[in-house]
Structures are given as structure tokens and as C-alpha cells.
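Q:
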Amino acid sequence: MNSLDQIRRDLCQTYVAMGGSGLIFLAAGNVSARHGERMLISPAGASVASITPEAFVECDFAGSATDGSKPSSEWAMHSAIYEAFPHAHAVVHTHSNYCVAMAATGEPLPAFHYMVASFGGDDVRCTPYVPWATPALAKAAVVALEGRTACLLGNHGMISHGKSLLAAFNAALRLETLCMQYVLARQAGVVRTLSAEHMRAANTRYASYG
Ligand code: 13P
Numbered sequence: 000m001n002s003l004d005q006i007r008r009d010l011c012q013t014y015v016a017m018g019g020s021g022l023i024f025l026a027a028g029n030v031s032a033r034h035g036e037r038m039l040i041s042p043a044g045a046s047v048a049s050i051t052p053e054a055f056v057e058c059d060f061a062g063s064a065t066d067g068s069k070p071s072s073e074w075a076m077h078s079a080i081y082e083a084f085p086h087a088h089a090v091v092h093t094h095s096n097y098c099v100a101m102a103a104t105g106e107p108l109p110a111f112h113y114m115v116a117s118f119g120g121d122d123v124r125c126t127p128y129v130p131w132a133t134p135a136l137a138k139a140a141v142v143a144l145e146g147r148t149a150c151l152l153g154n155h156g157m158i159s160h161g162k163s164l165l166a167a168f169n170a171a172l173r174l175e176t177l178c179m180q181y182v183l184a185r186q187a188g189v190v191r192t193l194s195a196e197h198m199r200a201a202n203t204r205y206a207s208y209g
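All the letters of the sequence shown, read from the start, carry residue numbers 0 to 209 under numbering that gives the first Met the number 0.
Written out as C-alpha cells, the structure is:
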């Protein structure tokens, strides 16, 4: 089996795991992995029920596939992340419930829990609303991701990247859980946030964790 076949299998496994974790429903989500100056990405309108390793589309960063097949409509957002962040090797985009709920407020996820620092800062930024599948959304995501591994997409969802598929997937799952916990905390009362100093200390710990 060559490395391309292995990447296809890993992508397919990750896409199915995204479905199994409740991060995607129907076609609301996509996943990609960098392959040199190209990427492999889920096809437009994929579904957990029918996805196969062969269905993943190999294309360049302009979204053009050698065999003419159609990459995810969000290919530009994935490409822009690979181009802006050389350490990004995989990207996950979802419309998971609590990320969508937070992103509908337009607010960043604040430092209500030290684990927010795992994304690289003391909050998780939220882009303004930008129409889906556009170059403008790709630009907005890159701005919100500066120094971070995940951001919320205003009135849309979330996107994360990582040095591996597992890292990008885990970031998506962690952000969904933290957004759920923050929504619950807001229902419980007035939320106390952590100081910049506490978040810096948490961030330093994450740098040598795992
Ligand atoms: P695709 O089915 O084209 O990947 O896109 C769905 C989506 O998540 C749009 O934001």
C-alpha cells in the first residue's frame, strides 16, 4: 500500500469518526490532509453512510483535481490554512451543535476553562459572518486562526488544524465539548473567566504536554 492509499484510509476513518462523535450530520463537515503542495479532501456533499477512501479528492491549492472530481465546497478554506500555516498537516471543519450555537452569538469562546489555552491563546476567536464556500471566508478563517489551532466561524460552525489528522480531529471534538460546557456554565450563573496570567501558565504547560 503506498502512502497516498494510507492517507485516504486515515481520512475516511477520521470522517467516519467525526460522524460517530456527533460532529457532522448529513454533509455538514469536511476533512483534509496535506500531501506536499497538494491536499486530499472529502468530496462535496459527502456522507458518513457512503464515504469510501477512494472518494477523497486529490487536488491542488486552487481546488483543481487531476481527475476532474469535485472537492468539498470549502476547499478554499482548507487550502488557505495549508498556505498560511506550514505546520498544519490536517484540517477539520464541522457544523457541530455547540460550536454553531456559540458562533451564532458572534462572541469568542472566552477563558472560562484552562483548556481553552490548548488552542494557543486565551480565547477561541469567532469570525464575522462570511458566506460559505467563498475566498472571503477562507481569508477570515486565516485571520481568526493566527497563533491558534481552531476558530469559530460566525453563524456557521468551526474549523481546526493540526500536525496530524488525529490532532485536528481532537481539536474539533475538544472545542465542541468546551462550547457545550460554556453554554451550560452561562445557564448556571455568571461565568468567572481566568486571568491572562493563568491562561499563559496553562499555555506553557500545553507546550510540553502530550
Ligand atoms: P461540503 O459537503 O461541500 O464539504 O460542504 C459542506 C459544508 O460544510 C459547507 O460549509
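From the three backbone atoms N, C-alpha and C, an ideal C-beta is built for every residue, glycine too.
1. Have a look at Tyr208, Ser72 and Pro109 and flag the residue whose alpha-carbon is nearest the alpha-carbon of Val190.
2. On the premise that Tyr205 lies in contact with Ala116, defined as a C-beta separation below 8 Å, what is that separation, rounded to the nearest angstrom?
3. Tell me where the beta strand (DSSP E) around Ala157 begins and ends.
4. Can the beta-carbon of Ile80 be found closer than 8 Å to that of His34?
5. For the ligand 13P, any of its heavy atoms closer than 7 Å to the Cβ of Ala103?
6. Using the DSSP secondary-structure output, state which residues sit across from Ala64 in a beta bridge.
7. Please classify Gly105: does DSSP put it in a helix, a strand, or coil?
8. Whose C-alpha, out of Ala132, Leu177, Ala48 and Asp59, is nearest the C-alpha of Val123?
9. Just to confirm before moving on: does the CB-CB distance between Leu174 and Ser159 stay below 8 Å?
10. On the criterion of 16 or more Cβ atoms from any shown chain inside 10 Å, does His86 qualify as buried, or is it exposed?
11. When DSSP labels each residue in this structure, what does Pro42 get in the three-state scheme?
12. Count the other C-beta atoms from every protein chain shown that fall within 10 angstroms of the C-beta of Gly67, then say buried if there are 16 or more, exposed otherwise.
13. Excluding sequence positions up to five away, which residues of its chain have a Cβ less than 6 Å from the Cβ of Gly119?
14. With 16 as the cutoff for other CB atoms within 10 Å, does Val142 come out buried or exposed?
A: Taking the coordinates as given:
1. Translated into the one-based positions of the sequence shown, residue 190 becomes position 191. Each of Tyr208, Ser72 and Pro109 was checked against the Cα of Val190, and the nearest Cα belongs to Pro109.
2. Residue numbering aside, residue 116 sits at position 117 when the sequence shown is read from its first letter. Residue numbering aside, residue 205 sits at position 206 when the sequence shown is read from its first letter. With a beta-carbon spacing of about 6 Å, Ala116 and Tyr205 fall inside the 8 Å limit used to define contacts.
3. Stepping through the sequence shown from its first residue, residue 157 is reached at position 158. According to the sequence as given, residue 157 is Met; it is not Ala. Per DSSP, Met157 belongs to the beta strand (DSSP E) from Gly156 to Gly161.
4. Along the sequence shown, one-based indexing puts residue 80 at 81. Along the sequence shown, one-based indexing puts residue 34 at 35. No.
5. Mapped onto the sequence shown, residue 103 falls at position 104. No - the ligand 13P has no heavy atom lying nearer than 7 Å to the Cβ of Ala103.
6. Indexing the sequence shown from 1 puts residue 64 at position 65. DSSP lists Cys58 as the beta-bridge partner residues of Ala64.
7. What you label residue 105 is simply residue 106 of the sequence shown in a count that begins at 1. Secondary structure of Gly105 (DSSP, three-state): coil.
8. Position 124 of the sequence shown, counting from 1, holds the residue named residue 123. Comparing Cα-Cα distances from Val123 to each of Ala132, Leu177, Ala48 and Asp59, the minimum goes to Leu177.
9. Taking the first residue of the sequence shown as position 1, residue 174 is located at position 175. Taking the first residue of the sequence shown as position 1, residue 159 is located at position 160. Cβ distance < 8 Å, so Leu174 and Ser159 count as in contact.
10. Here residue 86 refers to the residue found at position 87 of the sequence shown. It counts as exposed.
11. Position 43 of the sequence shown, counted from the start, is the residue given in the question as residue 42. Note: Pro42 maps to strand in three-state DSSP.
12. As a first step, residue 67 must be located in the sequence shown, where it is residue number 68. So Gly67 ends up on the exposed side.
13. For the purposes of this step, residue 119 is taken as residue 120 along the sequence shown, with counting starting at 1. Cβ-Cβ distances below 6 Å link Gly119 to Gly146, Arg147 and Thr148 in the same chain, with the five nearest sequence neighbours on each side left out; the list follows chain order.
14. Locating residue 142 in the sequence shown gives position 143, where the first residue counts as 1. Burial call: exposed.
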